[in-house]
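So the structure is just underneath, and the comments pick up after that.
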Amino acid sequence: MKRRYHRDMVTALYADEDGQILDVPGIRAMGRIGSENVPISPKDLIPLPDTADLMYMPGCRAVGIDQEGEEIVIPGYAVAAILPAGYTRSFVPAYERENDSERLALYGYTAVCLYHGELYTTAIYTDENHKWDPDNYNTDELLELTKRVKKEIPDNRLVDHLANCSLEWHCQTAENLFYHRWEAGLPTSPVCNAKCFGCISFQPDDSCDSPQHRIGFKPTAEEIAQVGIYHLSSHKEAIISFGQGCEGEPSLAADRIAPAIHMMREKTSYGQININTNAGWTDGIKKIVDAGLDTMRVSIISAIPESYDAYYRASYHLDDVKDSIRYALDHGIYVSLNMLYFPGFNDCDEELGAWKVFIKDVPIQMIQVRNLNVDPDAFLEIMPHHAGKKNGTKYFLKELHDTRPDMVIGSFSHYVEDR
Numbered sequence: 171m172k173r174r175y176h177r178d179m180v181t182a183l184y185a186d187e188d189g190q191i192l193d194v195p196g197i198r199a200m201g202r203i204g205s206e207n208v209p210i211s212p213k214d215l216i217p218l219p220d221t222a223d224l225m226y227m228p229g230c231r232a233v234g235i236d237q238e239g240e241e242i243v244i245p246g247y248a249v250a251a252i253l254p255a256g257y258t259r260s261f262v263p264a265y266e267r268e269n270d271s272e273r274l275a276l277y278g279y280t281a282v283c284l285y286h287g288e289l290y291t292t293a294i295y296t297d298e299n300h301k302w303d304p305d306n307y308n309t310d311e312l313l314e315l316t317k318r319v320k321k322e323i324p325d326n327r328l329v330d331h332l333a334n335c336s337l338e339w340h341c342q343t344a345e346n347l348f349y350h351r352w353e354a355g356l357p358t359s360p361v362c363n364a365k366c367f368g369c370i371s372f373q374p375d376d377s378c379d380s381p382q383h384r385i386g387f388k389p390t391a392e393e394i395a396q397v398g399i400y401h402l403s404s405h406k407e408a409i410i411s412f413g414q415g416c417e418g419e420p421s422l423a424a425d426r427i428a429p430a431i432h433m434m435r436e437k438t439s440y441g442q443i444n445i446n447t448n449a450g451w452t453d454g455i456k457k458i459v460d461a462g463l464d465t466m467r468v469s470i471i472s473a474i475p476e477s478y479d480a481y482y483r484a485s486y487h488l489d490d491v492k493d494s495i496r497y498a499l500d501h502g503i504y505v506s507l508n509m510l511y512f513p514g515f516n517d518c519d520e521e522l523g524a525w526k527v528f529i530k531d532v533p534i535q536m537i538q539v540r541n542l543n544v545d546p547d548a549f550l551e552i553m554p555h556h557a558g559k560k561n562g563t564k565y566f567l568k569e570l571h572d573t574r575p576d577m578v579i580g581s582f583s584h585y586v587e588d589r
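With positions in the sequence shown counted from 1, the corresponding number in my numbering is that position plus 170.
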């Protein structure tokens, strides 16, 4: 990257036609909250994490502020940081969209700039967990490890699927099965009861490409149990998780998951059994909870029914999700929310007020804040408009904590010692 800057200015960046990232001397960087471009201040910045990626946003021209305080369009593409897990973004890159631009791919676009001669981004470090450090994955021995597990668990379609997820898609929860450690994903369901706008495993033909492929078969209870027993017995903090990025809704596979859990617990009491779910089908959740589930993480974007329905486009509604969570809590399950976060949406007055009511009414133990991977304009087009103040990410998280000081706010699933 070519650097030409005034050291104390938060300087705008852009990418040229060749993808080279450049700074714009004398032009102040801007970010976006909701649909509004706003100036970025030093207090909004953290150093760009070493494991972050930079990319430009095709069809989106960079925007900054000139020395007269006027917003200008920079003759180059907006630049975004793609943050590692554990960082919650506070600004989307500021940009002006070209009229003929296609929908952006599903990434968590985060504003990035030049400050004090270094690259900085706009985010909050919300959780630390060395287990998800990218350096722990995609190692030289991974291919041999997949071959070894295939020999140890022969003729199991789920093992073959997870090996492919590891080697082709570099899925960390898939890889953990072969590394004999931590959280391993067990995808089970090729179907879903929602049509999430930002689904990473299924997008309609007129949208952007899905970043990964959904599982194309239904593992049997025996196949699921075989892999589960193998992993739960391999490590003292082993977790198996239903509901991965390569599948639909796992509760729809309750008639296979529930007997699989019974088989696992007949063989081992070790480890933790988790489900990542939209929790919309309460009958399925009840079967899985009753079978011996330990933890449940519920995907959610809003505590307002209209906003929830706009994103999930599901056969169920928010009240069904609440019923599932209450049933799980009543049966001793540790429940966390996988909160899909978009700056200027979740933190607005209306949404924040609804969240305060929700976490008091449904006393979940944890919120995992996750950057929503989506085209910002396309997302805002489908969501109900809220006229209230955009409070910002820091204020939003602080208000949640002050409302429920006993509730954990982070980014990762952790092994729960006492359930």
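Ideal Cβ placement from N, Cα and C applies to all residues, glycine included.
Note that this is a predicted model, so its numbers are computed, not measured.
- Annotated three-state conformation of residue 195 is strand, per DSSP.
- Between residue 201 and residue 264, the C-beta spacing is below 7 Å.
- When only Cα atoms are considered, residue 387 and residue 194 end up about 51 Å apart.
- Scanning its chain for C-beta atoms nearer than 7 Å, with the 5 sequence neighbours on each side dropped, one finds around residue 359 the residues 417, 418, 419, 420, 422 and 423, in chain order.
- Secondary structure note for residue 417: it is in no beta strand (DSSP E), with a DSSP letter that is neither H nor E.
- Secondary structure at residue 452: helix, using DSSP grouped into helix, strand and coil.
- For residue 252, the three-state secondary structure derived from DSSP is strand.
- Residue state for residue 322 is assigned as helix, using DSSP reduced to three classes.
- In the DSSP annotation of this structure, the continuous segment of the alpha helix (DSSP H) that includes residue 547 starts and ends at 546-552.
- Taken atom to atom, the span from the alpha-carbon of residue 184 to that of residue 191 is near 6 Å.
- For residue 353, the uninterrupted beta strand (DSSP E) run begins and ends at 353-355, by DSSP.
- Sixteen is the threshold: when 16 or more other Cβ atoms of the shown chains lie within 10 Å of the Cβ of residue 446, as they do, the residue is buried.
- Within the DSSP secondary-structure output, residue 283 pairs in a beta bridge with 290.
- Looking at the DSSP output, residue 518 shares a beta bridge with 560.
- Residue 483 sits in coil when the DSSP states are folded into three classes, being neither helix nor strand.
- Between the alpha carbons of residue 334 and residue 383 lies a distance of about 11 Å.
- Judged by DSSP in its simplified three-state form, residue 245 adopts strand.
- Nearest C-alpha to residue 273 among 330, 314, 229 and 436: 229.
- Contact check between the segment 430-437 and the segment 469-482: fewer than three CB pairs, one atom from each, fall below 8 Å, which does not count as touching.
- As DSSP reads the structure, residue 312 sits in no beta bridge.
- Contact between residue 442 and residue 585 holds, with the beta-carbon distance rounding to 6 Å and staying under 8 Å.
- Residue 233 is a Cβ neighbour of residue 207, given a cutoff of 7 Å.
- Excluding its 5 nearest sequence neighbours in each direction, residue 261 has C-beta neighbours in its own chain below 8 Å: 201, 202, 203, 208, 210, 214, 280, 281, 292 and 513, listed in chain order.
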